Amino acid sequence: MTLQQLRDFAAIVSQGGVRAAARALGVSQAGLTKSVAKLEASVQAELFVRTSHGVALTTFGERLLEHAAIILRECDRAESGMNQLRGDASGEVDIGVSPAPSIHLVPAVLPEFRRRFPRGRLHVTHGLSHSLLPAVRSGQLDIAITPVPEPFDATGLHTIPLFPTEPSIVGRRGHPRAHCRSIRELADCEWIVTGAADSLGAPGSSIVDLFAEAGLGRPNIAVVCDSLFDTLSLITRTDLLAPLPQTVLTHSLMREGLARIPIAEPQKIYTICIVHRASPPLSPIAAALTSMLVSYAKIGRGVMGT
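Each residue of the sequence shown is one higher than the one before, starting from 1 at the first, in the working numbering.
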């Protein structure tokens, strides 16, 4: 098994067939077919099933693709890291960002990052801890900026606390429950939550925790959504309520049409953290971005926190 064979295999999967992959790679179909045949011989398994519509992965192919993606990603990062150590200021950083840090932290740091690394590129994935943290573990992401659940297994990961964030109950302006002062007055409302609503203690489950502490049973969760934009769009057009970071109410593009429901019950405060793998080390450009994020978080907590 060679790196070139894995690259050829991944190209066939991404292009949907040998002909398209050969065209994309600028090689002959015969050469590509021979490369994959050698790969199948080395793993002693058929990786593709040929169909009239192209190729489909076998069970062995699906498993190998998972490993191939990680291996090829690490090779690309190793090459990029070596180039950066030689003074090349180019390179890519894959980051995952949850709603709270996406509002102020990342936009604040981006201009300085672009100034220092004009040929660098950020790939930003928006999500929540239940999807971002596994992506860091698997190597899909260099770093994640997200709250972490409690308890949290940090084995193999390095976690850097940045700033606290507290949810607020948010609804549309003019919501019929806008002046309620207790979660008990919201017991019969419908809710939209971000993330894993069934996992007590996870950042996305704050309303579940709040109901449980008040002895109200389970909230009526009508929508589960991973997108902050979609969540806000639904809130402003319906009577759905949501637990959201208080920072959404400070953003000029988000605060219009939203109102905080001023309940008296305290909500759990989560800590936004940078999470990356403990090994291998971050590339120079990813390490520099991490330092920028940490530095800005120290001076900007009044803006980003509770």
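Built from N, CA and C at the ideal position, the CB exists for glycine as well.
Remember, it's a predicted structure, so these values are computed and weren't measured experimentally.
Spatially closest choice to residue i from the options, by CA coordinates
i: A78; options: Q246, S283, H67; result: S283
i: P161; options: L47, H53, P101; result: P101
i: V97; options: G127, T290, R255, A297; result: G127
i: F60; options: A24, L39, A222; result: L39
i: I12; options: L232, V49, Q44, G156; result: V49
i: L241; options: S252, T155, P219; result: P219
i: G300; options: L105, F152, T194, A68; result: L105
i: D94; options: R116, G54, A68, S138; result: S138
i: P245; options: L32, V170, D8; result: V170
i: V55; options: H123, V18, L210; result: V18
Residue i burial status per 10 Å Cβ neighbour count (16 or more: buried)
i: G204; result: Because G204 sits at a pLDDT of 49, beneath the cut-off of 50, its placement in the model cannot be relied upon, and the following sentence gives the value as read from the coordinates. Label assigned to G204: buried.
i: H179; result: exposed
i: H175; result: buried
Where the alpha helix (DSSP H) through residue i begins and ends
i: L117; result: Sequence check: residue 117 is Phe here, not Leu. First-last for F117: undefined, no H or E at that position.
i: G16; result: Element bounds for G16: n/a, residue is neither H nor E.
i: S131; result: 129 to 138
i: G31; result: 29 to 43
i: T2; result: That residue, T2, is in no alpha helix (DSSP H); it is neither H nor E in DSSP.
i: P101; result: 99 to 103
For residue j and residue i, the rounded distance between their alpha carbons
i: E46; j: Q4; result: 18 Å
i: Y296; j: K34; result: 52 Å
i: I143; j: L65; result: 22 Å
i: S182; j: V248; result: 21 Å
i: L157; j: Q140; result: 14 Å
i: G120; j: L289; result: 11 Å
i: A197; j: P266; result: In this prediction, A197 has a pLDDT of 49, which is less than 50 and means its spatial position is unreliable; what the coordinates show is noted afterwards. Straight-line Cα distance between these residues: approximately 19 Å.
i: A286; j: L216; result: 45 Å
i: A24; j: F163; result: 45 Å
i: L85; j: A214; result: 55 Å
Residue i - containing beta strand (DSSP E), residue span
i: R172; result: 167 to 172
i: A287; result: Here A287 belongs to no beta strand (DSSP E); instead the alpha helix (DSSP H) covers 284 to 299.
i: P245; result: 242 to 245
i: R181; result: Premise fails: R181 is in no beta strand (DSSP E) and is neither H nor E.
i: T194; result: 190 to 194
i: V48; result: Per the sequence shown, residue 48 should be read as Phe rather than Val. Where F48 is concerned, the enclosing beta strand (DSSP E) stretches over 48 to 51.
8 Å Cβ cutoff, residue i in contact with chain D
i: D94; result: Protein chains in the displayed structure number just one, and chain D is not present.
Taking 8 Å as the threshold, find out whether the region 127 to 140 comes into contact with the region 251 to 263 through three or more Cβ pairs.
-> In this structure the region 127 to 140 does not touch the region 251 to 263; the number of beta carbon pairs closer than 8 Å is below three.
Do three or more CB pairs link the region 266 to 278 to the region 134 to 154 at distances below 8 Å?
-> Contact holds: three or more Cβ-Cβ distances are below 8 Å.
How do the region 232 to 248 and the region 110 to 120 stand: do at least 3 beta-carbon pairs fall below 8 Å, yes or no?
-> Taking a contact to require three or more Cβ pairs closer than 8 Å, the region 232 to 248 and the region 110 to 120 do not qualify as touching.
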